[in-house]
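Participant:
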Amino acid sequence: MNELIRLIRLTSGEEILVNIKDINKKITTVTDPVILIPDPGEHGRISFMPYLSYCEMDELIIKEDHIMFICEPEENLQQKYRDMVEGKIKLHTPPQQEIFQ
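In terms of my numbering, the sequence shown opens at residue 145 and continues consecutively.
1) Are Pro-182 and Tyr-195 closer than 8 Å when you measure CB to CB?
2) Tell me whether the beta-carbon of Leu-154 lies closer than 8 Å to the beta-carbon of Ile-164.
3) Look up Val-229 in the DSSP assignment and say whether it is helix, strand or coil.
4) From the DSSP secondary-structure annotation, give me the bridge partner or partners of Ser-197.
5) Measuring straight from C-alpha to C-alpha, what distance separates Leu-161 and Arg-226?
6) Distance check for His-210 and Ser-156, CA to CA, integer angstroms please.
7) Could you give the residue range of the beta strand (DSSP E) that holds Lys-207?
8) What would DSSP say about Lys-224, mapped onto helix, strand or coil?
9) Contact defined as beta carbons within less than 8 Å: I believe Thr-230 pairs with Lys-169. What is the distance between those atoms, to the nearest angstrom?
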């Protein structure tokens, strides 16, 4: 797996862990995005949830204007992310619900 795992803070306040595929002046292309959800009841505990779990995507393109910063997460967080992406950790995803028009 050719990986460059980074944490991206979006202007919306969301923090996502991703595998960076490409960065240029206007857009950043990523794969396997997961959103970090801090647990308010447990100090320092963080959960993962698939980012945009209701969408099928091979990659996500983020405009530079929507990124506050990109940084390298600590090794423990990177390993948990790798385990999740490789299927060693099963994510709990909510059941699919039908969308009515």
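Built from N, CA and C at the ideal position, the CB exists for glycine as well.
Facilitator: With the given structure in hand:
1) Taking 8 Å as the cut-off, the beta carbon of Pro-182 is found no closer than this to the beta carbon of Tyr-195.
2) No, Cβ-Cβ distance for Leu-154 and Ile-164 is not below 8 Å.
3) DSSP places Val-229 in helix when its eight states are reduced to three.
4) Secondary-structure assignment with DSSP links Ser-197 through no beta bridge to anything.
5) Going by the C-alpha atoms only, they are around 10 Å apart.
6) So the alpha carbons of these two residues sit roughly 8 Å apart.
7) It spans 204-207 - the beta strand (DSSP E) in which Lys-207 sits, taken as one unbroken run.
8) If DSSP states are grouped into helix, strand and coil, Lys-224 belongs with the helices.
9) In the sequence as displayed, the identity of residue 230 is Glu instead of Thr. Not confirmed; about 32 Å, so no contact.
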